[in-house]
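*Asks:* Residue numbers (the numbering used here): 10 to 501. Where is the CB? At the ideal position from N, CA and C, for every residue including glycine. First, the structure itself, so that you have it in front of you.
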Ligand SMILES: Cc1cc2nc3c(=O)[nH]c(=O)nc-3n(C[C@H](O)[C@H](O)[C@H](O)COP(=O)(O)OP(=O)(O)OC[C@H]3O[C@@H](n4cnc5c(N)ncnc54)[C@H](O)[C@@H]3O)c2cc1C
């Protein structure tokens, strides 16, 4: 067998989670090997939406402008009865969200993945190998040795950590004998993507049509494309719905004949599951390998990329001598964040996936009454905070998302401050040596365009300073010296 390859981290799976993680690790100086069994990017319809936080992460990776150029935005996401009444409305989703980018960005997943892979090509510490099929691992003196089937035989890769970002069926998860908890959602849908020739004939907003006769999704995608999804009825199979003439019949009510061309189609089973353990020693799980959500909130890929952001800075810190127990906080922080998001997606799914006419009538009556009574607000969705982990105890803002303020001329804060952890505040400054933490006084001229917004944020939280982690979640607020001490005590 050929020589063993050595690296800091082996990532199995070059989907959006694996490539994002690999990019962040490589930028942090870790030698990172990313392998995928497929020869190319997954071609079938999947994510159509990413949120403002993910755009901010793409900004850190230097590709946000390129991705934004391919995105479209919709102002609303409506759940309608078969008669067109509003059951649920999420409004203002095209406005700038806390991440400093539009709250919702409609995308074409393969285009996003291609942009990420091109960025990865430019990172010398990042090695991508396609058509490499990960098979098994064994532990070996402070490392994990993986066996991988490659086109001309077999290779071994020795890494300090092995991350399974290998999707819903995750062979790494199976090999590590980690079970999934099933949260109880199981529906089959046909998903089709279309190339658009006449956008004026298509809806400008995102829609869930809660029609028991055929629950249907119709949403924008990245420029030039539109998405429909149709729920399968209990007696239907994928083979019943996939033929083009059946799809043409399903699209008839949308009156889009001549306005679109069918590009791709697939039938998926939408599930909700969470892995019971996201870490087992040197093995970690991320993305769909760690959690699965029905797609109604457009958050599966987003959650995987958040995993990457959380895990990357901790693996980098461990490589610089932080205690490796900080990796245990990856699950405690991220699981508490992803579970409410999956619950929201299940609530949305349970609203739309009702095929029984009597149950649909009862749903309509109850939700229309709730809306009329004003108990169903129309705003954009806000994400939950992280669970307990690396944050200052007793600080109420710890674990919440730190917003990216945008200056009047459109400049974004992160572009000025760069990656890594920041301590920003009145009287902050004087970064100690031998730490990657950047300490910045609010009075520094480069913060002038953001000063009043940062000042308002600190005043609202009754603090002189905030310490923001590399993943842009708040470590703590308070006096600059105590924040710095607490951070440095963790050897981060
Ligand atoms: C219809 C639909 C709509 C969706 N809409 C949205 C949306 O709007 N927004 C959103 O955020 N998410 C959405 N999602 C979810 C999103 O597509 C996934 O969450 C996302 O692709 C997961 O990324 P990942 O990198 O974790 O896994 P994947 O993209 O599944 O990547 C895993 C990779 O691992 C590789 N692999 C597997 N086994 C091996 C092995 N043995 N060796 C090497 N490589 C291996 C696979 O080839 C694959 O490339 C949607 C999903 C579906 C199905």
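Per DSSP, which one or two residues make a beta bridge with residue 142?
*Replies:* Locating residue 142 in the chain shown gives position 133, where the first residue counts as 1. Answer by DSSP bridge pairing, in chain order: 158.
*Asks:* Under 8 angstroms, do residue 246 and residue 237 count as touching if we go by C-beta distance?
*Replies:* For the purposes of this step, residue 246 is taken as the residue at position 237 of the chain shown. For the purposes of this step, residue 237 is taken as the residue at position 228 of the chain shown. Not in contact: residue 246 and residue 237 (Cβ atoms no closer than 8 angstroms).
*Asks:* Regarding residue 370 and ligand 1, is the C-beta to nearest heavy atom distance less than 7 angstroms?
*Replies:* Numbered from 1 along the chain shown, position 361 holds the residue referred to as residue 370. Result no, Cβ not under 7 angstroms from ligand 1.
*Asks:* Can you tell me whether residue 402 is buried or exposed, with buried defined as 16 or more other CB within 10 angstroms of its CB?
*Replies:* If you number the chain shown from 1, residue 402 lands on position 393. Residue 402 should be labelled exposed.
*Asks:* Within the chosen definition, does the stretch 477 to 491 reach the stretch 313 to 333 through at least 3 CB pairs nearer than 8 angstroms?
*Replies:* The stretch 477 to 491, when compared against the stretch 313 to 333, does touch it at the 8 angstroms Cβ threshold.
*Asks:* Quick one: does residue 62 have its CB under 8 angstroms from some CB of chain E?
*Replies:* Absent here is chain E; the protein component of the structure consists of one chain.
*Asks:* Can you grab the Cα-Cα spacing for the pair residue 98 / residue 378, in whole Å?
*Replies:* Taking the first residue of the chain shown as position 1, residue 98 is located at position 89. Taking the first residue of the chain shown as position 1, residue 378 is located at position 369. Those two C-alpha atoms are separated by around 14 angstroms.
*Asks:* For residue 311, which of helix, strand or coil comes out of DSSP?
*Replies:* As a working note, residue 311 is residue 302 in the chain shown. Note: residue 311 maps to helix in three-state DSSP.
*Asks:* Under the assumption that residue 18 contacts residue 32 (Cβ atoms under 8 angstroms), give the Cβ distance between them as a whole number of angstroms.
*Replies:* The count along the chain shown starts at 1 and reaches residue 18 at position 9. The count along the chain shown starts at 1 and reaches residue 32 at position 23. With a Cβ gap of about 12 angstroms, residue 18 and residue 32 do not count as contacting.
*Asks:* In chain order, what residues of the same chain have a beta carbon less than 7 angstroms from the beta carbon of residue 144, not counting five sequence neighbours either side?
*Replies:* Position 135 of the chain shown holds residue 144. 156, 157, 158, listed in sequence order.
*Asks:* Which residue spans inside the stretch 387 to 474 form an unbroken alpha helix (DSSP H) run of at least 4?
*Replies:* Those alpha helix (DSSP H) runs which fall completely within the stretch 387 to 474 and span 4+ residues are 422 to 426, 460 to 469.
*Asks:* Expressed to the nearest angstrom, what Euclidean distance is found between the alpha-carbon atoms of residue 273 and residue 50?
*Replies:* Locating residue 273 in the chain shown gives position 264, counting from the first residue. Locating residue 50 in the chain shown gives position 41, counting from the first residue. Straight-line Cα distance between these residues: approximately 14 angstroms.
*Asks:* DSSP state of residue 19, grouped into three classes?
*Replies:* Position 10 of the chain shown, counted from the start, is the residue given in the question as residue 19. Looking at residue 19 - three-state DSSP - the assignment turns out to be strand.
*Asks:* Who are the Cβ neighbours of residue 154 in its own chain at under 6 angstroms, not counting the five residues just before and after it?
*Replies:* Indexing the chain shown from 1 puts residue 154 at position 145. Answer for residue 154: 147, 165, 167, listed in chain order.
*Asks:* Can you give me the start and stop residues for the beta strand (DSSP E) that residue 278 sits inside?
*Replies:* Here residue 278 refers to the residue found at position 269 when the chain shown is read from its first residue. Start and end: 269 to 284.
*Asks:* Let's test the definition: count the other Cβ atoms within 10 Å of the Cβ of residue 264 and tell me whether it reaches 16, buried, or not, exposed.
*Replies:* Here residue 264 is taken as the residue at index 255 of the chain shown, counted from 1. So residue 264 counts as exposed.
*Asks:* Check whether the stretch 192 to 211 and the stretch 336 to 344 are in contact - that is, three or more C-beta pairs closer than 8 angstroms.
*Replies:* Contact fails: fewer than three Cβ-Cβ distances are below 8 angstroms.
*Asks:* With the cut-off set at 8 angstroms, would you say residue 229 and residue 83 are in Cβ contact?
*Replies:* Within the chain shown, numbered from 1, the residue matching residue 229 stands at position 220. Within the chain shown, numbered from 1, the residue matching residue 83 stands at position 74. Yes.
*Asks:* Between which two residues does the beta strand (DSSP E) containing residue 202 stretch?
*Replies:* As a first step, residue 202 must be located in the chain shown, where it is residue number 193. Start and end: 189 to 205.
*Asks:* Looking at ligand 1, does it come within less than 7 angstroms of residue 454, judged from the CB to the closest heavy atom?
*Replies:* Taking the chain shown and counting its residues from 1, one reaches residue 454 at position 445. Result no, Cβ not under 7 angstroms from ligand 1.
*Asks:* Provide the residue(s) that pair with residue 334 in DSSP beta bridges, ordered along the chain.
*Replies:* Here residue 334 corresponds to residue number 325 of the chain shown, with the count starting at 1. Paired residues: none, contrary to the question.
*Asks:* Do residue 152 and residue 72 have their C-beta atoms closer together than 8 angstroms?
*Replies:* Taking the first residue of the chain shown as 1, we reach residue 152 at position 143. Taking the first residue of the chain shown as 1, we reach residue 72 at position 63. No. Outside cutoff.
*Asks:* Say the cut is 7 angstroms; is the CB of residue 136 nearer than that to a heavy atom of ligand 3?
*Replies:* This structure does not include ligand 3; its bound ligands are ligand 1.
*Asks:* Is residue 433 closer than 8 angstroms to residue 475 when the C-beta atoms are compared?
*Replies:* On the chain shown, residue 475 is found 466 positions in, with the first residue counted as 1. On the chain shown, residue 433 is found 424 positions in, with the first residue counted as 1. Going by C-beta atoms, residue 475 is nearer than 8 angstroms to residue 433.
*Asks:* Given a threshold of 16 other Cβ atoms within 10 Å of its Cβ, counted over all protein chains shown, does residue 270 qualify as buried or as exposed?
*Replies:* Here residue 270 refers to the residue found at position 261 of the chain shown. Under this definition residue 270 is an exposed residue.
*Asks:* Compute the minimum distance between the beta carbon of residue 276 and the heavy atoms of ligand 1, and state whether it is under 7 angstroms.
*Replies:* Here residue 276 refers to the residue found at position 267 when the chain shown is read from its first residue. Not so, every heavy atom of ligand 1 lies at least 7 angstroms from the Cβ.
*Asks:* Find the nearest neighbour of residue 93 within the set 220, 256, 308, judged by alpha-carbon distance.
*Replies:* Residue numbering aside, residue 93 sits at position 84 when the chain shown is read from its first letter. It is 220.
*Asks:* With a threshold of 6 angstroms on Cβ separation, who are the neighbours of residue 62 within its own chain once the five nearest residues in sequence on each side are excluded?
*Replies:* The residue given as residue 62 occupies position 53 in the chain shown. Cβ neighbours of residue 62 beyond the five flanking positions: 108.
*Asks:* Using a threshold of 8 angstroms, state whether the C-beta atoms of residue 172 and residue 30 are closer than that.
*Replies:* The residue you call residue 172 lines up with position 163 of the chain shown. The residue you call residue 30 lines up with position 21 of the chain shown. Yes; because the gap between Cβ atoms is below 8 angstroms, this pair is in contact.
*Asks:* Does the contact criterion of 3 or more C-beta pairs under 8 angstroms hold for the stretch 350 to 364 versus the stretch 298 to 309?
*Replies:* Yes, since at least three Cβ pairs between the stretch 350 to 364 and the stretch 298 to 309 fall closer than 8 angstroms, the two stretches touch.
*Asks:* How many Å lie between residue 456 and residue 202 at the Cα?
*Replies:* What you label residue 456 is simply residue 447 of the chain shown in a count that begins at 1. What you label residue 202 is simply residue 193 of the chain shown in a count that begins at 1. Each residue's alpha carbon lies about 44 angstroms from the other.
*Asks:* Between residue 179 and residue 410, what straight-line distance do the alpha-carbon atoms span, to the nearest angstrom?
*Replies:* To locate residue 179, count along the chain shown from 1; it is residue 170. To locate residue 410, count along the chain shown from 1; it is residue 401. When rounded, the distance between both Cα atoms is 29 angstroms.
*Asks:* DSSP three-state label for residue 232, please.
*Replies:* What you label residue 232 is simply residue 223 of the chain shown in a count that begins at 1. Here residue 232 sits in coil by DSSP.
*Asks:* Hey, is residue 146 close to ligand 1, as in C-beta under 7 angstroms from one of its heavy atoms?
*Replies:* Residue numbering aside, residue 146 sits at position 137 when the chain shown is read from its first letter. No, ligand 1 has no heavy atom inside 7 angstroms of this Cβ.
*Asks:* Three or more C-beta pairs closer than 8 angstroms, one from the stretch 74 to 82 and one from the stretch 109 to 127: is that the case here?
*Replies:* Judged by Cβ distances under 8 angstroms, the stretch 74 to 82 makes contact with the stretch 109 to 127, as three or more pairs qualify.
*Asks:* Is the closest heavy atom of ligand 1 to the C-beta of residue 292 under 7 angstroms?
*Replies:* Position 283 of the chain shown, counted from the start, is the residue given in the question as residue 292. Every heavy atom of ligand 1 is 7 angstroms or more from the Cβ of residue 292, so no.
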